[in-house]
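*Asks:* First the structure, then my questions, so here it is.
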DNA sequence: TAAAATATCCCCCAAAAAGGGGGATGGCTT
DNA sequence: AAGCCATCCCCCTTTTTGGGGGATATTTTA
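Residue numbers (this note's numbering), protein chains in the order written: chain W, 1 to 208; chain Z, 209 to 416.
Structure (structure tokens):
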């Protein structure tokens with residue numbers, strides 16, 4: 001199959017945009033159908049462009065990349081979007097990920113990585129620069145030195161999922177009073193005295 | 209700096225293990241200090257091996273990779289661990305991520321990807337095969353067609369974090385009764401009638 | 001512009017849950 | 001033998017919840 005990957009660039013920096021365009025155009029099965037300096041400029045053309053992959057800058061004049069993402073997904077549900085950014089703060093990364101980008105590259109990514117990423121997302125894969133991967137993996141990592149026992153962790157986890165003590169007791173086939181005892185111990189260990197505080201503390205310290 | 213990256217392989221498949229060893233040994237700044245068919249065999253040697261990077265298979269006889277991970281991290285806190293697996297189920301991926309691996313590769317990864325991954329994790333970066341990246345990114349992606357309004361989502365999110373209505377009211381500078389109204393509407397929209405159900409449903413449908 | 005959705009607030013009520021205190025018991029590990 | 005762990009029991013008050021019935025002003029959308 002000699003299917004050409006149709007690419008649209010949305011990047012406000014002229015130099016970078018031309019750089020990407022030149023880089024990607026040189027790839028045999030890539031076609032850069034259009035490139036724009038902002039989403040506001042791109043918007044009315046996207047439908048006609050019918051891109052398979054959109055390289056989308058976050059910081060842009062007017063509608064920024066993250067704001068544009070939902071609109072793009074509505075207009076072109078089948079397009080794969082790769083976020084480009086110089087920032088790599090956890091907050092921005094997670095916000096971008098929740099918006100449903102197929103890839104997230106920091107701008108220091110090498111040419112080879114960018115080309116790989118385009119190919120990956122166009123086939124439904126995921127692409128992440130190593131900075132982003134590190135941030136994401138760190139967010140998953142649990143604290144291995146939790147003061148909580150297995151049972152306590154199990155129970156606090158259920159509390160964090162909104163279960164009441166009676167429900168938890170029922171699910172775990174133990175008495176409500178047992179759950180209560182565990183909760184008491186959890187509160188002592190975390191030095192808190194309410195559900196909300198326990199959840200907050202436990203999440204901050206990655207006990208759950 | 210001509211620092212050699214010391215690598216240990218723990219992989220029960222003889223062919224694969226030798227394949228990796230041959231592949232990695234050929235890299236100038238890589239040294240495969242040892243390779244083992246199981247964690248149980250590797251355990252007593254790891255301290256002497258002092259690896260920078262450990263390639264760790266998940267499915268193994270005896271202690272499997274995920275079970276071994278906490279022990280390895282305790283023995284060698286500074287070693288970077290790359291999980292190798294043929295499976296790529298979300299459950300396994302997330303479990304491995306919570307254990308604190310620095311990389312997660314599926315076994316269909318190309319030689320180049322493996323070499324890249326070793327280099328990445330040895331410098332504290334993250335490495336993820338595209339399959340894994342896809343799974344992880346999908347887990348973050350929120351449902352863009354949530355029936356909940358911004359305010360309702362905000363409130364449900366706080367409920368999911370264990371906050372009570374009075375606390376939420378206080379934080380948002382609104383009346384408890386207002387919070388109550390929103391909660392009522394949330395329950396109607398989600399067709400539930402308790403906190404726990406609302407959280408469960410909203411998480412399943414990725415509204416929060 | 002008119003209708004719908006949204007965000008805000010008010011009252012009634014009973015049932016449920018939470019949290020603080022005080023225990024006990026058997027099992028397992030160190 | 002001492003500690004931790006998981007299990008269960010009782011006292012008690014306060015807080016929270018959820019179901020019902022509204023109102024009103026702003027904002028969005030059709």
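Backbone N, C-alpha and C fix where the C-beta goes; we use that ideal spot for every residue, glycine too.
Can you confirm whether residue 94/W, when its beta carbon is compared against all beta carbons of chain Z, has any partner nearer than 8 Å?
*Replies:* Walking along the first chain from the start, residue 94/W turns up at place 94. So, interface residue.
*Asks:* Looking at the secondary structure, which residues open and close the beta strand (DSSP E) in which residue 57/W lies?
*Replies:* Counting from 1 along the first chain, the entry for residue 57/W is found at position 57. From DSSP, the beta strand (DSSP E) with residue 57/W extends over 53 to 57.
*Asks:* Taking one C-beta from the segment 382 to 397 of chain Z and one from the segment 124 to 142 of chain W each time, how about it: are there three or more such pairs within less than 8 Å?
*Replies:* No, the segment 382 to 397 of chain Z is not in contact with the segment 124 to 142 of chain W.
*Asks:* Taking 7 Å as the limit between beta carbons, can you name the residues of its chain near residue 208/W, skipping five residues before and five after?
*Replies:* Taking the first residue of the first chain as position 1, residue 208/W is located at position 208. Excluding positions up to five away in sequence, the list reads 153, 156, 157, 160 and 202.
*Asks:* If distances are taken between C-alpha atoms only, which option among 295/Z, 213/Z and 268/Z comes closest to residue 262/Z?
*Replies:* Locating residue 262/Z in the second chain gives position 54, where the first residue counts as 1. Cα-wise, what sits closest to residue 262/Z is 213/Z.
*Asks:* So who's on the other strand from residue 194/W, going by DSSP bridges?
*Replies:* Taking the first residue of the first chain as position 1, residue 194/W is located at position 194. Paired residues: none, contrary to the question.
*Asks:* Taking 7 Å as the cut-off, is the beta-carbon of residue 144/W closer than that to any non-hydrogen atom of the ligand NAP?
*Replies:* Although the ligand NAP was asked about, the structure shown includes no ligands whatsoever.
*Asks:* Relative to the C-alpha of residue 317/Z, which residue among 250/Z, 211/Z and 227/Z is closest?
*Replies:* As a working note, residue 317/Z is residue 109 in the second chain. Among 250/Z, 211/Z and 227/Z, the Cα nearest to that of residue 317/Z is on 227/Z.
*Asks:* Can you tell which of 102/W, 12/W, 149/W and 51/W has its C-alpha closest to the C-alpha of residue 64/W?
*Replies:* Position 64 of the first chain holds residue 64/W. Closest by alpha carbon: 12/W.
*Asks:* I'd like the span of the beta strand (DSSP E) that includes residue 81/W, first residue to last.
*Replies:* Mapped onto the first chain, residue 81/W falls at position 81. 80 to 85 is the span of the beta strand (DSSP E), which, as asked, contains residue 81/W.
*Asks:* Which residues of the segment 155 to 189 of chain W have a Cβ closer than 8 Å to any Cβ of chain Z? Give them in chain order.
*Replies:* Hits within the stretch, in order: 159, 160, 161, 162, 163, 164 and 167.
*Asks:* DSSP on residue 235/Z, reduced to helix/strand/coil?
*Replies:* As a first step, residue 235/Z is located in the second chain; it is residue number 27 there, counting from the start. Residue 235/Z falls in the coil class under three-state DSSP.
*Asks:* Assign residue 195/W to buried or exposed, taking buried as 16 or more other Cβ atoms, counted over all protein chains shown, within 10 Å of its Cβ.
*Replies:* On the first chain, position 195 is the one that residue 195/W refers to. It is buried - the Cβ of residue 195/W has at least 16 other Cβ atoms within 10 Å.
*Asks:* Consider the Cβ of residue 98/W: report whether some Cβ of chain Z lies at a distance smaller than 8 Å.
*Replies:* One-based indexing of the first chain puts residue 98/W at position 98. Yes, because at least one Cβ of chain Z sits closer than 8 Å to the Cβ of residue 98/W.
*Asks:* Taking Cβ positions only, does residue 360/Z come closer than 8 Å to chain W?
*Replies:* For the purposes of this step, residue 360/Z is taken as residue 152 along the second chain, with counting starting at 1. Chain W contact via Cβ: absent.
*Asks:* For residue 115/W and residue 33/W, I'd like the C-alpha separation in whole angstroms.
*Replies:* Your numbering for residue 115/W matches position 115 in the first chain. Your numbering for residue 33/W matches position 33 in the first chain. Distance between the alpha carbons of residue 115/W and residue 33/W: 16 Å.
*Asks:* For residue 208/W, report the span of its alpha helix (DSSP H) as first-last.
*Replies:* Locating residue 208/W in the first chain gives position 208, where the first residue counts as 1. First-last for residue 208/W: undefined, no H or E at that position.
*Asks:* Flag residue 199/W as yes if its beta-carbon sits less than 8 Å from any beta-carbon of chain Z, otherwise no.
*Replies:* Stepping through the first chain from its first residue, residue 199/W is reached at position 199. With 8 Å as the cut-off, residue 199/W counts as an interface residue toward chain Z.
*Asks:* Just mark residue 121/W as buried or exposed, buried being the case when its beta carbon has 16 or more other beta carbons within 10 Å.
*Replies:* Within the first chain, the letter at position 121 stands for residue 121/W. Buried is the call here.
*Asks:* Flag residue 144/W as yes if its beta-carbon sits less than 8 Å from any beta-carbon of chain Z, otherwise no.
*Replies:* Numbered from its first residue, the first chain carries residue 144/W at position 144. Yes, residue 144/W counts as interfacial toward chain Z.
*Asks:* Residue 259/Z: buried (16+ other C-beta within 10 angstroms of its C-beta) or exposed?
*Replies:* Indexing the second chain from 1 puts residue 259/Z at position 51. Per the 10 Å Cβ criterion, buried.
*Asks:* Excluding the 5 residues preceding and the 5 following residue 229/W in the sequence, name in chain order all residues of the same chain whose CB lies nearer than 8 Å to its CB.
*Replies:* One cannot answer for residue 229/W here, as it falls past the ends of chain W, which runs 1 to 208.
*Asks:* Quick one: which residues of the segment 260 to 287 of chain Z get their C-beta closer than 7 Å to a C-beta of chain W? List them in chain order.
*Replies:* If the cut-off is 7 Å between Cβ atoms, the segment 260 to 287 of chain Z has 278 and 281 near chain W.
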